[in-house]
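Asks: In full-length UniProt numbering, the protein residues as written are 1 to 1089.
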């Protein structure tokens, strides 16, 4: 018996034939397969079969892999993980929001896990991405060897038989790829996965979501959410690329598309994200395989002798290289966020110039310049090291220091870990790993576990049991906490400490460990107070979770019949070839939590003195993954149901005596549920030629052919989404229980709430709010005019979350005696550039409730251009006008004064609110921005020192040119008032304006005049003016200036009296002053180190 590890170095392109197309993961840049020559020559073709069948866990770039992990392995009690996050900043632009934070994933670290540019375990959440795992060929591959999108799957093909041999051959030999690549998406508020579909059908989403996904080849993707907000990935509108690719010697394949733009559907608001090269990352891993040849039959021991037993272990090394990119800047209307790279990292020895993230700088915009507001400095210039040789293994984040705009330290976070070292005895290629990929310290020479198999050398010999492999892959919990976060010390001086323990699960009546860590205890200390929460897992707190994987011996194998012939007569041979692989059946691509907990109990301070809270997920059951096994193998396709798992279905609060205090019970409805075949795998069970009899006699291309050669597996995928449909909250007391029930119903296609009901045990009636959306009123296949056409266009732009009609019903709890008590209809219009905004609001007005049979729901018709309403709706509010950026400029109420608005700072802030005025009647500027606010002048604004301008920092020097305004409709019967503040640049002087002389000096003076003619101008020399506004005489103007990205700087009331807001260098409100400089309020902030 021979049991040895061999390795030779063969440069190989990864376009090898794949018989299991779904074994393949992301294609790496360069692949190096290391195999050394065996002493026993394997039959022709068998070695190639080995190479083509091995699943290779090719690693994504560290940043992409870390982001993807949060979608696959959620941070919640169901998975036993705490949510750990350090907020940084929220980018806002109109309706768009992009939060930035540092997040930590505390599941423990596998041997192949790499640190992101921030540090091991930490992810900078700031944007989003679409990533993919390539299964076989990239979907978009064209030509003869087509990818999934250029093939047409025939799920009616079956095997073994004599039919469709060419189809099965192309599938089994990897000529035609019939398995879709797996895509994962992540952006603010949304995560999920999808397959692209054949025949130009929409992408297949799981879970389902009210989003629209379109693509432009492999250049970019657009995802539009239910509000119509569009997220662009991979390539900006200007053509700048933000993609990461892996490549072979034959070219590159895109594996990640980064978020580059967020677009508002109804304004000019946009958030832009640019990227920079972080460095070229080269990662390697190994796997092992053994080929056992037996059950040999030969009729020529001379030409084709039966082989002897050879248990050679073959090592295959897979190396992937990716040029990693990271965010450079996030740019928005009122500022930008800059990500600054630091020196080269020292934990990636085979990678080229890979940088770490040094700091995040946040800027606010003043005019055309950016002013530094705050900096988050990463303290990540150290490493988790190797205990034996002190080698830098993984980048380490020790803390974050926060600086204000002047560079003064404001606060800091520091991080302490369970260890600062790893016990790993080499940086890569370790064979000391458990089933799940975690280091276990075992002295293994390969990764194939000790396994007993049956062996029969030839068809006439006896069957015996032999042992293969030899690796100990059992978990060792000793090493799981290495480099895992233990404590966060906060700027206040308090801290939060985490205690973790290994996952435990029951398997065949035995308790087993494995799969990483779960949180045991979280202790938060603030000053003299301490709050400790302890978590106990499993039914009756037995500490056991449920294994969320299928073992199948933890590694997989494959069987073939190898046939050969030679020139002698007779000369035929057939033998069984079994290939055993070290890779777990869990992967590659298995990123779900390996252990889940349908029941978790939380104790405060670790005892029941303060009671306990019990959380139940999925009604204390486990939603498993249907498995589909490849013939003659134990390799399975997982129909992953991870999207359906982990729903909180019950939360119970008990007091210290164990009595139930409150209980919340939640049920869910499955919507858009569907299961369909999404791919196929083919296997070649018989290889080589044979002159003897066939297992299944067929004819192919005019020659005998064994119909048992190829086997086919169709694999289905289930999708859908579970949405909360019923929530019952019960408060228990001796005086009687109080029950409140919330019921929701959804549109089955668009997934929006149609019915929102509230029931309370103290009220014999239920209150129901009904919603109707654009998709309820129009059919996108029909042609409309006017308002119905606007609703159709909104549906086509996926603006499906804005209700058109909503009304409130009171009814008995059994649904009878329905009465409509109120209602509202919102109409929409196109304000230009296909921006659809609210146009008017109609209110349902009735002296008494309306019976359901007497109420007419809003409808539309292709023959009229308006919404057909119930006759009791009354027109109450008009959104009269918008500016070119999509901002509201006038609202008009029936029987009330209109209100006009002016905007500045690139349309980001409303700087003027004018009650009892039309938008065409007002103008205002404080000269802070390039917008002139309705005034005409050719000079430039002048920047003064802080506190010298009346408001803001800018004023206007009349010496640079006059300012004028045409006042349409002004007369003695329709008077306007112009007001501004004026001062001399130096000295004192008299100045005449509109027939009145003013004595001016360097102190600001309020100037007011009534305007009764169609126009006027303001001119002079040696004079500054500020806060210039005009409006109808009887209007009430309030005007504002801002510190962009911070807050209001000043507010001037209708009398021209100001309130001023001062902030510290960190952007925190410090002092509020009135017009006379008196302090209205003052805040002081202390930072304890």
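Heads up, the beta-carbon is just placed ideally off N, CA and C, and yes, glycines get one too.
Assuming residue 169 is part of the alpha helix (DSSP H), what are its boundary residues?
Replies: Residue 169 -> alpha helix (DSSP H) spans 165-172.
Asks: Grouping DSSP H, G and I as helix and E and B as strand, with all else coil, what is residue 794?
Replies: Of the three classes helix, strand and coil, the one that applies to residue 794 here is helix, per DSSP.
Asks: Note down, in chain order, each residue of its chain lying with its Cβ closer than 8 Å to the Cβ of residue 813, except the 5 sequence neighbours on either side.
Replies: Contacts found: 759, 764, 765, 766.
Asks: Between the C-alpha atoms of residue 1059 and residue 484, what's the straight-line distance to the nearest angstrom?
Replies: Using only the alpha carbons, I get a separation of about 50 Å.
Asks: Would residue 1053 be called buried (16 or more neighbouring beta carbons within 10 Å of its own) or exposed?
Replies: By the 10 Å Cβ count, residue 1053 comes out exposed.
Asks: What's the C-alpha gap between residue 530 and residue 761?
Replies: Cα-Cα distance, rounded: 38 Å.
Asks: List, from N- to C-terminal side, the beta strand (DSSP E) runs of 3 residues or more that fit wholly inside the region 932-988.
Replies: Runs of the beta strand (DSSP E) inside the region 932-988: 941-943, 954-957, 963-966, 976-984.
Asks: Mind checking whether residue 538 and residue 597 have CB atoms under 8 Å apart?
Replies: In this structure, residue 597 lies closer than 8 Å to residue 538 by Cβ.
Asks: Would you give the residue range spanned by the beta strand (DSSP E) that residue 776 belongs to?
Replies: Segment 774-777 is the alpha helix (DSSP H) holding residue 776; no beta strand (DSSP E) there.
Asks: Taking DSSP's pairing of strands, which residues face residue 698 in a bridge?
Replies: 705.
Asks: Could you give the distance in angstroms between the alpha-carbon of residue 748 and the alpha-carbon of residue 663?
Replies: C-alpha separation (whole angstroms): 29 Å.
Asks: Between which two residues does the beta strand (DSSP E) containing residue 684 stretch?
Replies: Its beta strand (DSSP E) spans residues 660-684.
Asks: How would you call residue 380, buried or exposed, if buried means at least 16 neighbouring beta carbons within 10 angstroms?
Replies: Its Cβ being crowded by 16 or more others within 10 Å, residue 380 is buried.
Asks: Let's test the definition: count the other Cβ atoms within 10 Å of the Cβ of residue 866 and tell me whether it reaches 16, buried, or not, exposed.
Replies: Answer is exposed; the Cβ neighbour count stays below 16.
Asks: I'd like to know whether the C-beta atoms of residue 684 and residue 714 end up nearer to each other than 8 Å.
Replies: Against a cut-off of 8 Å, the Cβ pair of residue 714 and residue 684 comes out as no contact.
Asks: Can you tell me which of the three DSSP states residue 404 falls into?
Replies: Residue 404 falls in the strand class under three-state DSSP.
Asks: With 16 as the cutoff for other CB atoms within 10 Å, does residue 893 come out buried or exposed?
Replies: Exposed, by the Cβ-count rule.
Asks: From residue 328 to residue 156, what distance separates their C-alpha atoms?
Replies: Each residue's Cα considered, the two are about 50 Å apart.
Asks: Checking the sheet assignment: what are the DSSP bridge partners for residue 93?
Replies: For residue 93, which the question treats as bridged, DSSP gives the partners 96.
Asks: Measuring only the C-alpha atoms, how far is residue 338 from residue 974?
Replies: The alpha-carbon atoms of residue 338 and residue 974 are separated by roughly 52 Å.
Asks: Alpha carbon to alpha carbon, what distance is there between residue 263 and residue 1082?
Replies: Residue 1082 and residue 263: Cα-Cα distance of roughly 39 Å.
Asks: In three-state DSSP terms, what is residue 79?
Replies: Three-state result, residue 79: helix.
Asks: Residue 351 and residue 282 - do their beta-carbons sit closer together than 8 Å?
Replies: Yes, they are a contact pair.
Asks: Would you call the region 1022-1029 and the region 946-963 in contact, with 3 or more CB pairs under 8 Å?
Replies: Touching, yes, given that three or more Cβ pairs across the two stretches are closer than 8 Å.
Asks: For a minimum of 4 consecutive residues, which ranges assigned as the alpha helix (DSSP H) are wholly contained in the region 144-209?
Replies: Fully enclosed alpha helix (DSSP H) runs of 4 or longer: 165-172.
Asks: Kindly identify the DSSP beta-bridge partner or partners of residue 991.
Replies: In the DSSP output, where bridge partners are listed per residue, residue 991 has 998.
Asks: From residue 628 to residue 176, what distance separates their C-alpha atoms?
Replies: Distance between the alpha carbons of residue 628 and residue 176 is about 21 Å.
Asks: Could you check the C-alpha separation between residue 564 and residue 632 for me, to the nearest Å?
Replies: Going by the C-alpha atoms only, they are around 20 Å apart.
Asks: With residue 288 as the anchor, note down where its beta strand (DSSP E) starts and where it stops.
Replies: Start and end: 270-298.
Asks: Among 138, 950, 656, 936, which one has its Cα closest to the Cα of residue 1016?
Replies: Checked all of 138, 950, 656, 936; the closest Cα to residue 1016 is 936.
Asks: Use the C-beta contact count for residue 923: other C-beta atoms within 10 angstroms, 16 or more gives buried, fewer gives exposed.
Replies: Classification of residue 923: buried, given that the 10 Å Cβ count is 16 or more.
Asks: Which same chain residues, not among the five before or five after residue 225, have their C-beta less than 6 Å away from its C-beta?
Replies: Cβ within range, chain order: 211.
Asks: Suppose you measure from the CA of residue 835 to the CA of residue 672; what does that come to, to the nearest Å?
Replies: Going from the Cα of residue 835 to the Cα of residue 672 covers about 30 Å.
Asks: Let me check understanding here. Comparing Cα to Cα, which of 367, 518, 265 lies closest to residue 940?
Replies: Ranking the options by Cα distance to residue 940, first place goes to 367.
Asks: Drop a sphere of 10 angstroms on the beta-carbon of residue 131, count the other beta-carbons inside from all chains shown, and report buried for 16 or more, exposed for fewer.
Replies: It is buried - the Cβ of residue 131 has at least 16 other Cβ atoms within 10 Å.
Asks: Roughly how many whole angstroms lie between the Cα atoms of residue 75 and residue 407?
Replies: Confidence at residue 75 is low in this model, with a pLDDT of 49, below 50, so its placement is unreliable and the value that follows should be read with caution. Their backbone Cα atoms lie some 35 Å apart in a straight line.
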